[in-house]
Amino acid sequence: MGALHSYAATVRWTGAGQTGTTTYTAYSRDHEIDLAGRPTLPGSADPAFRGDPGRYSPEELFVASLSQCHMLWFLHLASAAGIVVREYSDEVTGTMRVESAGAGQFTDVTLHPHVVVDDGPEVTDEAVAEVHRRAHDHCFLARSVNFPVLLEPVPLRTHAA
3 MGALHSYAAT
13 VRWTGAGQTG
23 TTTYTAYSRD
33 HEIDLAGRPT
43 LPGSADPAFR
53 GDPGRYSPEE
63 LFVASLSQCH
73 MLWFLHLASA
83 AGIVVREYSD
93 EVTGTMRVES
103 AGAGQFTDVT
113 LHPHVVVDDG
123 PEVTDEAVAE
133 VHRRAHDHCF
143 LARSVNFPVL
153 LEPVPLRTHA
163 A
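Quick note on the numbering used here: the sequence shown kicks off at 3 and runs consecutively.
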């Protein structure tokens, strides 16, 4: 068995107001997410579910976490392959379906990574695509979900070293 890693956070609802959950519309979905030694992250529901659009929703954070995971593996594997990455961004998208009874699930997340790398003999579109494939295969989060995490990289750009 491999190494085990544990993670902890405190999620605290702050939206009770004067009436708590006396009705569906009586309370705020606002909450705070605390991770030891870091700034508090303001959370809420998605605005479609009566949340505050100025706060982070679990759905947004979920989609972003899949992108972060891929990026971190890509950077690691690119450095091991001798590919120098200068810029990385991702316009990640996710689709969630809500059923008539109110339950729902994500149906897919699509990563659109855009990288700028130093030009060099080992830097080809295929070499960078292979690093993306390997990063996708290694991402802990993509390996843990029950829906497709799709990978559609933006064409490679090189940076003159």
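Each residue gets a CB set at the ideal place from its N, CA and C atoms; glycine is no exception.
Extent of the continuous beta strand (DSSP E) to which residue i belongs
i, result
"Cys108", "Before going on, a small fix: residue 108 reads as Phe here, not Cys. From DSSP, the beta strand (DSSP E) with Phe108 extends over Gly106 to Leu113."
"Asp36", "His33 to Asp36"
"Leu152", "Val151 to Leu153"
"Asp92", "Val87 to Asp92"
Exposure label - residue i; buried when at least 16 CB within 10 Å
i, result
"Asp121", "exposed"
Same chain, Cβ closer than 7 Å to residue i, neighbours up to 5 away in sequence not counted
i, result
"Gly11", "Checking the sequence, you will find Ala at residue 11 rather than Gly. Counting only Cβ-Cβ distances below 7 Å, and skipping sequence neighbours, we find Ile35, Asp36 and Leu37."
"Val87", "Leu77, Ala80, Val117 and Val119"
Beta-carbon proximity list for residue i, same chain, < 6 Å, skipping 5 on both sides
i, result
"Ala137", "His72, Trp75, Phe76 and Leu79"
"Glu89", "Val118"
"Pro150", "Asp110"
Range of the contiguous alpha helix (DSSP H) that encloses residue i
i, result
"Arg57", "It is not in any alpha helix (DSSP H) - Arg57 carries neither H nor E in the DSSP assignment."
"Asp139", "Asp127 to His140"
Same chain, Cβ closer than 8 Å to residue i, neighbours up to 5 away in sequence not counted
i, result
"Leu152", "Asp110, Val111, Thr112 and Leu113"
"Asp92", "Ser69, His72, Met73, Leu113, His114, Pro115 and His116"
Inter-residue spacing [alpha-carbon to alpha-carbon] between residue i and residue j
i, j, result
"Val100", "Tyr9", "29 Å"
"Ser30", "Ala103", "22 Å"
"Ala129", "Leu143", "23 Å"
"Arg159", "Arg135", "18 Å"
"Ala18", "Ser146", "33 Å"
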